[in-house]
Amino acid sequence: MSPIAPRREGWCPGALRPMQTGDGLLVRVRASGGRLTLDQAAAIAESALACGNGAISLSARGNLQVRGVNEKTMPDLQARLAAACLLDSDPEVERLRNILVSPLSDVDPAAAFDLAPSVAVLESRLAEDSALRPLPAKFSFVLDAGGRLPVGDIDADIRFEAIRGAEGPAFAAYLGGDDALAAILPPSEIGDAASRLAQAFLSRAGAGEARRMRALVERLGAKAVFAGAGLDARPRARSRRSTSLRDVLGGHAFGPAVVVGAGAAFGDIDAGRFRTLIERARSAGADGLRLAPWRSFFVTGLTPRSAVSFLGVCAKVGFLVHSGDLRMRVVACPGAPACMHAFRPLREDAARWASLLPAADSVILHVSGCTKGCARPLATAATLIATENGYDLVVDGRAADRPVRRGLSSVAIEAFLAGEGAKLFESERSGA
Ligand code: SF4
Numbered sequence: 011m012s013p014i015a016p017r018r019e020g021w022c023p024g025a026l027r028p029m030q031t032g033d034g035l036l037v038r039v040r041a042s043g044g045r046l047t048l049d050q051a052a053a054i055a056e057s058a059l060a061c062g063n064g065a066i067s068l069s070a071r072g073n074l075q076v077r078g079v080n081e082k083t084m085p086d087l088q089a090r091l092a093a094a095c096l097l098d099s100d101p102e103v104e105r106l107r108n109i110l111v112s113p114l115s116d117v118d119p120a121a122a123f124d125l126a127p128s129v130a131v132l133e134s135r136l137a138e139d140s141a142l143r144p145l146p147a148k149f150s151f152v153l154d155a156g157g158r159l160p161v162g163d164i165d166a167d168i169r170f171e172a173i174r175g176a177e178g179p180a181f182a183a184y185l186g187g188d189d190a191l192a193a194i195l196p197p198s199e200i201g202d203a204a205s206r207l208a209q210a211f212l213s214r215a216g217a218g219e220a221r222r223m224r225a226l227v228e229r230l231g232a233k234a235v236f237a238g239a240g241l242d243a244r245p246r247a248r249s250r251r252s253t254s255l256r257d258v259l260g261g262h263a264f265g266p267a268v269v270v271g272a273g274a275a276f277g278d279i280d281a282g283r284f285r286t287l288i289e290r291a292r293s294a295g296a297d298g299l300r301l302a303p304w305r306s307f308f309v310t311g312l313t314p315r316s317a318v319s320f321l322g323v324c325a326k327v328g329f330l331v332h333s334g335d336l337r338m339r340v341v342a343c344p345g346a347p348a349c350m351h352a353f354r355p356l357r358e359d360a361a362r363w364a365s366l367l368p369a370a371d372s373v374i375l376h377v378s379g380c381t382k383g384c385a386r387p388l389a390t391a392a393t394l395i396a397t398e399n400g401y402d403l404v405v406d407g408r409a410a411d412r413p414v415r416r417g418l419s420s421v422a423i424e425a426f427l428a429g430e431g432a433k434l435f436e437s438e439r440s441g442a
C-alpha cells in the first residue's frame with residue numbers, strides 16, 4: 011500500500027492520501043456516484059471501528075470520512091477498503107474523482123435519467139486521460155438529474171445538467187462562474203466534453219494562477235473557454251433548484267420504490283451505530299445506500315411496511331428522520347480538537363443554538379471553527395465564526411466574509427438568536 015503523504019494545505023484527502031487532522035489521519039472514501047452496497051457500507055463501519063477512532067464524518071458533498079486513523083492502522087484500513095472495491099489504483103485518479111451526483115436518479119421517475127452510466131464514463135476518462143493529472147486538488151464535477159432531489163444549488167467547476175431534450179436524453183454543460191451559457195451533448199460524450207473543458211481550463215489558467223474555473227471565467231468569459239474546448243455554447247439558464255429537506259428525511263415512495271432518508275446531526279456518525287443500522291437495513295430487505303449532499307443518506311429497496319419499522323430503527327440508533335429536526339438547520343465543522351485550525355470546540359454550542367432556531371426548510375445557521383468555512387461554502391442567513399475572543403457574526407454570507415459583529419459571547423449569541431436573528435430567519439423564510 012502507498013506511504014502516507016504529509017498533510018498539505020488545500021489538499022482533498024482520499025483513502026490513498028489521508029489528511030492529518032487534530033484527531034489523527036482523516037480518510038475520505040469516495041464511493042462511485044455516491045452509491046454503496048450494504049456490504050460496502052458495513053465494510054466502512056467495520057474499518058472505522060478497527061482502524062480509526064470509531065467516528066465517521068459525512069461531508070457536505072456526500073463523502074464518508076473515517077477519522078482517527080494512524081500510520082500503523084492505515085495499511086489495514088486500505089486493505090479493507092480494497093477488499094470492498096472502495097480503493098482507487100492510484101492517488102492521482104482518486105484525487106480527480108471529485109464528482110457529486112444526484113443520489114436517486116435511477117429511482118425518481120421525475121429525474122431526467124439514471125446517471126450511473128454517465129458517472130462510469132466520466133470516471134474512466136478521468137482515470138485514463140493523463141492530460142488531466144495537473145488539475146487542481148479541488149477541481150470538481152456535479153451531475154444533476156433534477157427531479158425531486160435536484161442539486162442546482164451546489165457549485166462545481168464543470169456542471170452537467172441532465173435534460174430530456176427533443177432528441178432524447180442529453181446533458182447541458184456549464185462552467186463555474188457562468189449560469190447562462192451551456193453546451194448540449196449526448197450522455198455518451200460526457201467524458202470527452204469533461205476532458206476538453208478541463209484541458210481548456212488548464213491551458214488558459216496557467217501554472218499557479220486561476221485554481222478554479224470560476225476565476226478563469228471571470229477573467230476570460232465562459233465563451234472563450236467553451237471555444238477553447240471546441241464546444242458550441244448557446245444561451246441557456248442553469249437550474250438553481252435545490253432540494254427540500256422534506257424530500258430527504260423520512261420515508262418516500264417513488265412509484266413502487268420506497269426509500270428512507272436519514273440525516274447525521276452535524277455530519278457526525280458513530281461507526282458502531284452505523285454498523286447496527288446497516289445490519290437492520292439488511293434484515294428489512296434493503297438493497298443499498300446512497301450518500302447525499304445534505305449530511306444524509308438514503309436506504310433503498312424497502313417496502314412500505316419495512317420502511318415504517320426501519321424509520322424507527324434509524325431514530326433509535328441516533329439518526330435524524332424528521333425534516334423538522336432543528337439540528338438539520340445548523341451546519342458545523344468538527345471544531346477543536348478534531349481540527350487543528352479551530353479556535354474552540356463547537357459541538358455543544360451548535361447543539362444548544364440549534365434548539366433556539368425557528369422552523370425552516372433549509373440550513374439557516376453555520377457555525378465554523380475558523381474563517382475557512384469548510385462545512386459550508388454557500389452563503390447562510392447567519393454564520394458564527396470562532397475566534398480567540400468568542401465568535402464573529404456574518405449575516406447572509408460565508409465564513410470568510412466581513413463580520414457585522416465581532417467577539418460575541420455565548421450569551422450575546424443567544425440574545426441575537428432570540429431577537430434580531432429570529433427576525434432575520436423569518437425574513438429569509440418569507441423571502442422578504
Ligand atoms: S472551518 Fe476551519 S476549523 Fe473548521 S474544519 Fe475547516 S479549517 Fe478546521
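Numbering (the working numbering), first residue to last: 11 to 442. Positions of the beta carbon are idealized from the N, C-alpha and C atoms, including for glycine.
Run the proximity test for residue i: is its beta-carbon closer than 6 Å to any non-hydrogen atom belonging to the ligand SF4?
i       : result
Cys-349 : yes
Cys-380 : yes
Ala-352 : yes
Cys-343 : yes
Cys-324 : no
Cys-384 : yes
Who are the Cβ neighbours of residue i in its own chain at under 8 Å, not counting the five residues just before and after it?
i       : result
Ala-506 : Absent from the structure is residue 506, since the part of the chain shown begins at 11 and ends at 442.
Ser-213 : Gly-238
Gly-64  : Ala-58, Gly-78, Asp-280, Ala-281, Gly-282
Phe-198 : The amino acid at residue 198 is misidentified as Phe; the sequence shows Ser. Same-chain partners within the cutoff: Val-131.
Val-235 : Leu-185, Leu-207, Ala-210, Phe-211, Arg-214, Met-223, Leu-226, Val-227
Buried or exposed for residue i, please, with buried defined as at least 16 other CB atoms from any protein chain shown within 10 angstroms of its CB.
i       : result
Cys-453 : Coverage of the chain is limited to positions 11 through 442, which leaves residue 453 absent and any answer about it impossible.
Val-404 : buried
Pro-344 : buried
Ala-274 : buried
Pro-28  : buried
Gly-24  : buried
Ser-511 : Residue 511 is absent from the structure shown; the chain starts at 11 and stops at 442.
Ala-317 : buried
Glu-138 : exposed
Val-331 : buried
Asp-124 : buried
Ser-99  : exposed
Pro-196 : exposed
Cys-324 : buried
Gly-156 : buried
Val-414 : exposed
Glu-171 : buried
Arg-90  : buried
Asp-118 : buried
Ala-364 : buried
Cys-391 : The sequence given here places Ala at residue 391; Cys does not occur at that position. Under this definition Ala-391 is a buried residue.
Excluding the 5 residues preceding and the 5 following residue i in the sequence, name in chain order all residues of the same chain whose CB lies nearer than 6 Å to its CB.
i       : result
Val-79  : Gly-34, Leu-35, Val-37, Cys-61, Gly-62, Leu-87
Arg-408 : Gly-383, Ala-389
Val-341 : Val-373, His-376, Ala-385, Arg-386
Ser-378 : Cys-343, Ile-395, Ala-409
Val-103 : Ala-137
Gln-455 : No answer is possible for residue 455: the residues shown for the chain start at 11 and end at 442.
Glu-430 : none
Leu-46  : Leu-299
Asp-202 : none
Under 7 Å Cβ to Cβ from residue i, same chain only, skipping five residues before and after it: list those, please.
i       : result
Pro-13  : Reliability fails at Pro-13, whose pLDDT of 46 lies under 50, so the model's placement of it is uncertain and the value that follows must be treated cautiously. Correct list: empty, nothing qualifies.
Asp-359 : Val-377, Ser-420
Arg-250 : Gly-162, Asp-163
Arg-6   : Lying outside 11 to 442, the shown extent of the chain, residue 6 is not represented and no answer is given.
Ala-182 : Glu-171, Ile-173, Ala-192, Ile-194, Arg-246
Glu-19  : The predicted position of Glu-19 is uncertain, since its pLDDT is 48 and thus under 50; no value can be drawn from it.
Run the proximity test for residue i: is its beta-carbon closer than 6 Å to any non-hydrogen atom belonging to the ligand HEM?
i       : result
Ser-378 : This structure does not include the ligand HEM; its bound ligands are the ligand SF4.
Taking the runs of the beta strand (DSSP E) that are 3 residues or longer, which of them lie wholly in the segment 229 to 268? 243 to 245, 260 to 264
Can you confirm whether the segment 150 to 165 touches the segment 106 to 126 when touching is taken to mean that 3 or more C-beta pairs between the two stretches lie within less than 8 Å? yes
Could you name each continuous beta strand (DSSP E) segment of 3 residues or more that falls completely within the segment 141 to 206, going from the start of the chain to the end? 151 to 154, 168 to 175, 178 to 185, 191 to 195
Pairs of beta-carbons, one from the segment 167 to 187 and one from the segment 278 to 287, closer than 8 Å: are there three or more? no
Would you call the segment 50 to 57 and the segment 95 to 103 touching, i.e. three or more CB-CB distances under 8 Å? yes
Do three or more CB pairs link the segment 311 to 318 to the segment 345 to 362 at distances below 8 Å? no
Would you list, in sequence order, the uninterrupted beta strand (DSSP E) runs of no fewer than 3 residues that lie entirely inside the segment 287 to 365? 298 to 302, 306 to 312, 340 to 342
Uninterrupted alpha helix (DSSP H) stretches inside the segment 380 to 429 (no shorter than 4 residues): 420 to 428
Threshold first: 3 residues or longer. Then list the beta strand (DSSP E) segments lying entirely within the segment 69 to 147, N to C. 74 to 79, 109 to 111
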